[in-house]
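Just below is one structure, and these are the notes that go with it.
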Amino acid sequence: MYFYENLKLTLFDILKLMSQQKILRNKGFEKKKFNVETSSNSDFGDISTNIAMVYWKDSVFNLYEFAENIKEKLLKKSDIEMVEIKNPGFINIFLKKSFIQNQLKLVQINKIKKVSNKKKINIEYVSANPTGLMHVGHARGAVLGDSLANLLKSVGHDVVKEYYINDAGKQIEFLKDTILFHKNNKKKKYKDDFLKNLYPGEYLEKVSENISTDLFTNENLENSEEIKKNAVNYILKDIKKDLKDIGVHHDVFVSEKEISTDTQVKNIISILKKKKLVYEGFQDKPKGIDKKNWIKKKQLLFKSKLLNDDSDRALIKPNGDLTYFMSDIIYHGKKIEKKYDILINIWGKDHSGYVARLENAIKSAFNEDFKLKVKLTALVNLIKDNKVLKMSKRQGTYITLRDVLKEVGKDALRFMMISRSSDKVLDFDFDLIKSRNKDNPVFYVQYAHARCCSINKIANQIFEEKITKKELDFSLLNLPEEISLIKLLCLFNKNIELAVESYEPNKLTNYLYELSKNFHSYWSLGTLNSGKRILVEKNIKLSSARLGLVNGVKKIISQGLKILDISSPSSM
RNA sequence: GGCCCCGUAGCUCAGCUGGAUAGAGCAACUGCCUUCUAAGCAGUAGGUCGUACGUUCGAAUCGUACCGGGGUCGCCA
5 MYFYENLKLT LFDILKLMSQ QKILRNKGFE KKKFNVETSS NSDFGDISTN IAMVYWKDSV
65 FNLYEFAENI KEKLLKKSDI EMVEIKNPGF INIFLKKSFI QNQLKLVQIN KIKKVSNKKK
125 INIEYVSANP TGLMHVGHAR GAVLGDSLAN LLKSVGHDVV KEYYINDAGK QIEFLKDTIL
185 FHKNNKKKKY KDDFLKNLYP GEYLEKVSEN ISTDLFTNEN LENSEEIKKN AVNYILKDIK
245 KDLKDIGVHH DVFVSEKEIS TDTQVKNIIS ILKKKKLVYE GFQDKPKGID KKNWIKKKQL
305 LFKSKLLNDD SDRALIKPNG DLTYFMSDII YHGKKIEKKY DILINIWGKD HSGYVARLEN
365 AIKSAFNEDF KLKVKLTALV NLIKDNKVLK MSKRQGTYIT LRDVLKEVGK DALRFMMISR
425 SSDKVLDFDF DLIKSRNKDN PVFYVQYAHA RCCSINKIAN QIFEEKITKK ELDFSLLNLP
485 EEISLIKLLC LFNKNIELAV ESYEPNKLTN YLYELSKNFH SYWSLGTLNS GKRILVEKNI
545 KLSSARLGLV NGVKKIISQG LKILDISSPS SM
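Residue numbers (this note's numbering): 5 to 576.
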């Protein structure tokens with residue numbers, strides 16, 4: 005247990021004691037929350053807490069007396085050197101140096117802390133339509149979902165990673181049309197008179213070549229379905245290959261077509277009917293944009309107006325097909341059947357208006373006790389020569405994930421994709437990502453790890469077997485930079501926890517960057533002052549202790565990068 | 001117009017389960033390599049945290065309203 009966790013328990017004990025001593029009047033103190041934070045400023049000690057400001061009103065004392073009482077009790081602890089009370093009521097705790105130094109022993113054997121309440125979690129991500137190759141936008145969701153899944157697993161949750169294949173509906177119809185077009189117009193140029201509702205780009209031409217010509221000779225329904233199936237399978241294979249190349253693996257692939265059976269549809273409709281949430285009717289005309297071709301048609305609608313939507317939403321298209329909304333209700337129903345505690349969906353931000361609707365629908369249909377968390381990812385701007393690369397799906401000029409990957413590599417791609425919080429537009433700058441210097445955060449972190457490895461090699465050369473690995477004397481680590489590096493290492497687990505709780509892997513990349521920065525800074529002390537070099541030739545004990553610290557850094561960086569599925573190179 | 005997201009240094013962003021003097025990186029300027037990877041480090045300068053009001057001992061953080069930017073609002077997914 006690291007020092008800040010320790011202190012928190014100590015403070016809880018003190019509260020209990022104060023309750024016994026009738027200093028605290030109410031027993032409800034456990035409900036209130038107080039902070040135990042590592043101090044931002046060394047004037048404020050190693051640990052600061054607002055405990056006195058939170059609880060003094062529940063006590064027989066005034067704020068100052070209350071804080072003093074806590075201070076007295078804290079000073080009885082052997083690990084604490086000094087306690088100061090500062091306005092407007094903070095208690096600042098200064099720990100004994102030896103206590104902090106010995107925290108490094110915990111770092112050496114650091115294991116990521118498991119959660120006490122293990123959850124069954126389903127995370128659905130990527131789910132790119134199988135109508136073409138993935139682009140960087142998909143990659144953002146892919147890496148976010150994958151890193152998040154790894155994080156959740158690392159703290160002990162039971163995680164299933166899922167890909168929902170949209171292999172039904174109009175998009176797939178367009179895909180088939182496009183394939184047919186290529187088959188029938190093989191030699192004709194199609195750029196100029198390109199038809200609406202066909203997918204552009206050369207890729208699908210290649211796909212069409214890989215589909216048996218026999219299917220095209222007579223156009224019947226059966227063959228048509230077969231073409232769709234073959235095309236989807238072909239494209240899906242490519243998508244899976246790309247995902248594999250960026251280290252993304254799903255446990256389950258669910259086909260929209262397969263789960264949306266007639267019985268399922270009837271089932272859902274009858275459930276919703278019982279709850280009086282559906283009716284045959286006319287949808288409101290969409291607001292905002294002028295819709296000249298708006299035609300009223302009768303269809304099955306979900307009463308989402310009752311649930312704060314501004315319009316009721318269609319479940320069945322006038323032609324009898326399912327809307328994607330309906331398919332999604334069925335799909336989520338399937339997931340809910342499997343008794344997950346938490347359902348996580350990673351979607352592009354263009355679906356933001358849809359989140360509440362779906363959540364309302366499935367909560368009212370299934371009444372189950374589960375938590376739905378939809379994470380939305382904002383756009384990715386590809387930047388080259390300080391210019392945003394314009395992409396147009398219509399003209400088929402979008403840049404595919406595999407092109408980007410070829411250029412920057414998996415590690416850089418993964419790191420960059422989660423280096424910003426997901427709801428902010430991400431600038432993906434090729435020049436930056438490919439640079440081998442500190443401008444590039446991926447490089448910077450990996451370089452810190454490589455330096456740690458390098459110093460180990462040199463230590464072995466200089467000291468041979470004399471360098472100790474066990475029973476290091478950490479009391480020799482007295483530089484302020486060493487102390488703060490140790491404290492920072494202790495915060496790794498805390499940052500994992502934060503990343504998990506907020507579903508934000510970028511908290512981990514931020515931490516790793518921060519740690520690397522501190523390490524590079526520590527390393528460089530030696531260039532000015534040879535006594536501050538990590539390896540001091542005439543002092544094996546000191547060198548060993550410092551090497552212990554370096555290896556702590558190495559361990560934490562590699563643990564962090566492993567969760568993100570990014571390599572930790574031993575030399576660069 | 002409704003809903004969702006964003007607004008922090010010239011630029012890109014951390015910080016947001018309320019805490020003390022708001023932090024990094026880039027760009028600018030000044031320094032540091034005969035010595036462990038200078039692929040690096042140190043320093044200077046740069047801010048009414050979009051605006052206003054409110055809650056609070058305390059607000060970048062919470063609430064309300066407004067301003068600016070983006071997304072979305074069919075039977076596309």
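Glycine included, every Cβ here is placed at the ideal spot set by N, Cα and C.
Residue environment, residue i, which counts as buried when at least 16 other CB atoms sit within 10 Å
i: Arg455; result: buried
i: Leu28; result: buried
i: Met421; result: buried
i: Glu213; result: exposed
i: Thr182; result: buried
i: His355; result: exposed
i: His186; result: buried
i: His139; result: buried
i: Met576; result: exposed
i: Asp196; result: Confidence at Asp196 is low in this model, with a pLDDT of 48, below 50, so its placement is unreliable and no value can be given for it.
i: Lys20; result: exposed
i: Asp443; result: exposed
i: Ile334; result: buried
i: Lys180; result: buried
i: Lys339; result: buried
i: Met22; result: buried
Residue i - DSSP class collapsed to helix/strand/coil
i: Glu128; result: strand
i: Thr182; result: helix
i: Gln303; result: strand
i: Lys342; result: coil
i: Ile471; result: coil
i: Gly285; result: strand
i: Ile422; result: coil
i: Arg65; result: Checking the sequence, you will find Phe at residue 65 rather than Arg. Note: Phe65 maps to coil in three-state DSSP.
i: His142; result: helix
i: Asp196; result: Caution is warranted here: a pLDDT of 48 is assigned to Asp196, below 50, making its placement in the model unreliable, and no coordinate value can be reported.
i: Leu430; result: strand
i: Thr53; result: strand
i: Trp298; result: coil
i: Gly149; result: helix
i: Thr531; result: helix
i: Glu363; result: helix
i: Ile544; result: helix
i: Leu310; result: helix
i: Gly357; result: helix
i: Leu539; result: coil
i: Gly136; result: coil
i: Arg440; result: coil
i: Lys165; result: strand
i: Gly352; result: strand
i: Ile403; result: coil
i: Ala318; result: strand
i: Leu638; result: A question about residue 638 goes unanswered here, because the residues of the chain that appear run from 5 up to 576.
Short Cβ contact (7 Å threshold) for residue i with residue j
i: Ile275; j: Ala369; result: yes
i: Leu155; j: Pro509; result: yes
i: Ile387; j: Val412; result: no
i: Asp569; j: Gly145; result: no
i: Leu108; j: Ile500; result: no
i: Val554; j: Ile459; result: yes
i: Val164; j: Asp242; result: no
i: Val2; j: Phe432; result: Because the chain in this structure spans residues 5 to 576, residue 2 falls outside the shown range and cannot be described.
i: Ile51; j: Leu15; result: no
i: Asp150; j: Lys124; result: no
message: For the stretch 514 to 527 against the stretch 547 to 566, do three or more pairs of beta-carbon atoms, one drawn from each stretch, fall closer than 8 Å, so that the two count as touching?
response: yes
message: Counting beta carbon pairs with one atom in the stretch 89 to 98 and one in the stretch 316 to 327, are three or more of them shorter than 8 Å?
response: no
message: Could you check whether the stretch 128 to 143 touches the stretch 348 to 361, counting it as contact only if at least three pairs of C-beta atoms, one from each stretch, sit closer than 8 Å?
response: yes
field: Ordered list of alpha helix (DSSP H) runs contained in the stretch 86 to 118, each at least 4 residues
entry: 101 to 112
Segment contact, 8 Å Cβ cut-off, at least three pairs: the stretch 476 to 495 with the stretch 78 to 94: no
field: Complete beta strand (DSSP E) runs within the stretch 370 to 398 (minimum length 3 residues, chain order)
entry: 375 to 381, 384 to 388
query: Which ranges does the alpha helix (DSSP H) cover as unbroken runs of at least 4 residues, wholly within the stretch 490 to 520, from first to last along the chain?
result: 496 to 506
task: Let me know the alpha helix (DSSP H) ranges lying completely inside the stretch 203 to 266, each 4 residues or longer, listed in chain order.
output: 207 to 213, 218 to 221, 225 to 249, 260 to 263
- request: List in chain order: all unbroken beta strand (DSSP E) runs of 3+ residues lying wholly within the stretch 9 to 43.
  value: 40 to 42
- prompt: For the stretch 328 to 346 against the stretch 365 to 380, are there 3 or more C-beta pairs whose distance is under 8 Å?
  reply: yes
- request: Could you tell me whether the stretch 227 to 244 touches the stretch 166 to 176, where touching means 3 or more Cβ pairs closer than 8 Å?
  value: yes
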